[in-house]
Amino acid sequence: MKVKIKVNGKLFDKHIPNDMMLIDFLRKYGFYSVKRGCESSNCGLCTVWVDQKPVLSCSYPAARADGHEVTTLEGVLPEAEVFGRVMASMGAEQCGFCSPGFVMAVLALKREIPNPTEEQAREYLAGNLCRCSGYASQMKAVMQYLKEGYQ
Amino acid sequence: MFTAKTYLLASSLEEAYDALQKNKTNTLVAGCCWLKMTRKRIWTAVDISRLGLDSIVPDGDTLQIGAMASLHSLETDPAVKGFAGGILSEAVRRIVGVQFRNCATVGGCVWMRAGFSDLLTALLALDTTVCLYHAGQMPLDEFLTSPVKKDILTHIIVRGGQRRAAYVSMRLTETDFPVLTAAVSLLGEDWRVVLGARPGLAARCERAENALGTGDRDAAIQAVRDDLRYGGNLRASEAYRRQVAGVLLARAVEKLAGEGAAE
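Given below as structure tokens:
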């Protein structure tokens with residue numbers, strides 16, 4: 001089927017398999033920040049935004065994204081780099097495989113709840129699993145980043 | 001993952017319903033979170049995301065929730081948060097993560113009739129009507145025990161916004177399936193007691209409701225342990241769930257009483 005999907009501001013007018021998932025569409029066209037993780041809808045690695053809302057691209061049919069605007073990490077790089085530096089400065093990143101999805105979730109949190117409490121942030125980010133950080137340093141970095149009010 | 005020969009972005013409910021009937025493998029795509037983990041061989045995947053079924057419309061003591069409303073919208077919508085003590089918002093907020101809840105839909109949760117459903121537990125504690133495109137309206141408890149037929153759940157109507165209600169669940173880890181869920185609600189002297197994830201489908205316990213009506217909380221706790229069927233799975237044994245059921249009921253009643261005091 002034919003779809004028109006805007007990814008990071010660029011329009012992709014493509015024929016796709018009918019059962020293609022958004023993650024496969026994005027990776028096919030070079031958005032490699034979108035990682036495949038659990039394949040059971042619970043790790044958050046594949047998080048992207050559709051019309052500014054964070055969704056699991058592994059569970060989102062590409063056909064449904066027709067006519068919508070998708071944002072991946074590549075589309076918010078300047079903002080992501082700022083948060084990335086805060087993460088690095090606080091030793092909050094280890095293997096980094098979960099980082100793209102985590103960063104997308106943190107930036108979505110910043111937009112949805114501008115001044116969250118730590119409890120709200122923890123709850124919002126609960127859908128992003130990390131197998132090496134233990135979360136404590138990640139949460140410190142998130143709260144530091146949000147507290148500093150980086151733009 | 002499932003495969004689909006064709007994908008229909010339906011432009012009307014009629015088109016979607018007709019497409020569903022054409023082939024026995026034709027399947028409705030709701031949130032897709034569960035469907036994508038199946039190995040179904042689908043001829044036509046029928047997508048109803050463009051039919052405007054994602055609205056939440058408050059009307060006095062009633063909420064009309066579209067089938068394609070996301071679980072996250074239940075968390076954030078002011079009308080839902082203020083409805084029956086915010087029980088529906090509370091019930092969904094620990095389901096996996098925000099990005100999952102932005103995909104998963106109310107209709108998908110209700111149609112699946114999953115035993116582990118947090119939302120069904122909360123909806124049963126209120127007066128919920130399920131609206132189907134072909135079969136019309138029916139109470140949620142009747143829908144849950146009806147044979148599954150190919151139809152389209154368009155929206156649910158939840159009455160009972162004046163009810164005081166409380167929801168509690170027990171999970172082994174924060175975003176996991178629940179070991180057990182419990183919801184209570186009260187309007188006047190009319191109690192509702194619902195236990196879910198037993199691991200079977202959520203169910204009311206009438207004897208516990210009557211006991212709470214007479215103020216006998218211990219009898220209610222004993223009733224949920226005695227009258228409902230529990231089972232064991234990898235999360236918990238039957239005996240454990242039976243014990244936890246009483247504890248969760250007590251917590252839910254205390255929570256409800258606490259909210260009442262705060263009012």
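Sequence lines, in order, name chains A and B. Note that the first sequence ends on residue 151 in my numbering; no numbers are left out. Note that the second sequence ends on residue 263 in my numbering; no numbers are left out. Glycine included, C-beta positions come from ideal geometry on N, C-alpha and C.
- If the five residues before and after Cys-132 of chain A are omitted, its C-beta is found closer than 8 Å to the C-beta atoms of Gln-94, Cys-95, all from its own chain and listed in chain order.
- For the stretch 77-93 of chain B, the beta-carbon criterion of a distance under 8 Å to any beta-carbon of chain A is satisfied by Arg-93.
- Secondary structure note for Pro-58 of chain B: its beta strand (DSSP E) is the uninterrupted segment 56-59.
- Going by DSSP, Glu-174 of chain B is part of no beta strand (DSSP E) at all; its letter is neither H nor E.
- Only exposed fits Pro-78 of chain A, as fewer than 16 other CB atoms lie within 10 angstroms of its CB.
- In this structure, B:Ser-73 is the residue among B:Ile-42, B:Thr-128, B:Ser-73 with its C-alpha nearest to the C-alpha of Asp-54 of chain B.
- For Tyr-230 of chain B and Thr-175 of chain B, the gap between their C-alpha atoms comes out near 22 Å.
- For Lys-53 of chain A, the nearest CB of chain B lies under 8 Å from its own CB, placing it at the interface with that chain.
- Interface criterion not met: the Cβ of Glu-118 of chain A is under 8 Å from no Cβ in chain B.
- By the C-beta criterion, the stretch 92-105 of chain B is judged to be in contact with the stretch 116-136 of chain A, since at least 3 inter-stretch pairs fall below 8 Å.
- Under the three-pair Cβ rule at 8 Å, the stretch 239-250 of chain B counts as touching the stretch 216-224 of chain B.
- Scanning chain A for C-beta atoms nearer than 8 Å to the C-beta of Ser-49 of chain B yields Arg-64, reported in chain order.
- Here Leu-22 of chain A has Ser-57, Tyr-60, Ala-62, Ala-65 as same chain residues with Cβ atoms under 6 Å from its own Cβ, once five neighbours each way along the sequence are excluded.
- Residues Val-130 of the same chain have their beta carbon placed closer than 7 Å to that of Phe-143 of chain B, with the five preceding and five following residues left out of the count.
- Of all residues in the stretch 100-125 of chain A, only Gly-101, Met-104, Ala-105, Ala-108, Leu-109, Glu-112, Arg-122, Glu-123, Tyr-124, Leu-125 come within less than 9 Å of chain B when Cβ atoms are compared, listed by chain position.
- A direct Cα-to-Cα measurement between Arg-164 of chain B and Glu-254 of chain B gives close to 12 Å.
- Where Phe-12 of chain A is concerned, the enclosing beta strand (DSSP E) starts and stops at 10-15.
- The alpha-carbon separation between Asn-42 of chain A and Asp-216 of chain B amounts to approximately 41 Å.
- Per DSSP, reduced to three states, the secondary structure at Ala-182 of chain B is strand.
- Straight-line spacing of the CA atoms in Thr-62 of chain B and Arg-159 of chain B works out to 4 Å.
- Scanning chain A for C-beta atoms nearer than 7 Å to the C-beta of Gly-97 of chain B yields Gly-44, Ala-126, Gly-127, Asn-128, reported in chain order.
- Nearest to Leu-11 of chain A by alpha-carbon distance, out of A:Cys-38, A:His-68, A:Val-34, is A:His-68.
- Setting aside the 5 residues that flank it on each side, Phe-2 of chain B is surrounded in the same chain by Leu-35, Lys-36, Thr-38, Arg-39, Lys-40, Ile-42, each with a C-beta closer than 7 Å to its C-beta; the list follows chain order.
- Contact residues of the stretch 60-90 of chain A toward chain B are Tyr-60, Pro-61, Ala-63, Arg-64, Asp-66 (C-beta to C-beta distance below 8 Å).
- Following the DSSP letters along the chain, one finds Ala-211 of chain B inside the alpha helix (DSSP H) bounded by residues 206-213.
- The bridge partners DSSP lists for Cys-103 of chain B come to none.
- Beta-bridge pairing by DSSP links Ile-65 of chain B to B:Ile-56, B:Ile-156.
- In the displayed model, Cys-98 of chain A falls within coil according to three-state DSSP, outside both helix and strand.
- At a Cβ-Cβ threshold of 8 Å, Val-46 of chain B and Ala-67 of chain B do not count as neighbours.
- For Ala-16 of chain B, there are no neighbours in chain A by C-beta distance under 8 Å, as the nearest C-beta there is about 14 Å away.
- Contacts with chain A (Cβ-Cβ distance below 7 Å) from the stretch 188-221 of chain B involve no residue at all.
- Within the stretch 121-154 of chain B, not one residue has a Cβ closer than 7 Å to any Cβ of chain A.
- For the pair of segments examined, the stretch 117-135 of chain B was found to touch the stretch 149-159 of chain B: the number of CB pairs separated by less than 8 Å reaches three.
- The three-state reading of DSSP puts Asp-127 of chain B in strand, counting E and B together.
- If you draw a straight line from the Cα of Ala-125 of chain B to the Cα of Val-34 of chain A, it is about 40 Å long.
- Between the stretch 141-150 of chain A and the stretch 5-24 of chain B there are fewer than three inter-stretch CB-CB distances shorter than 8 Å, so the stretches are not counted as touching.
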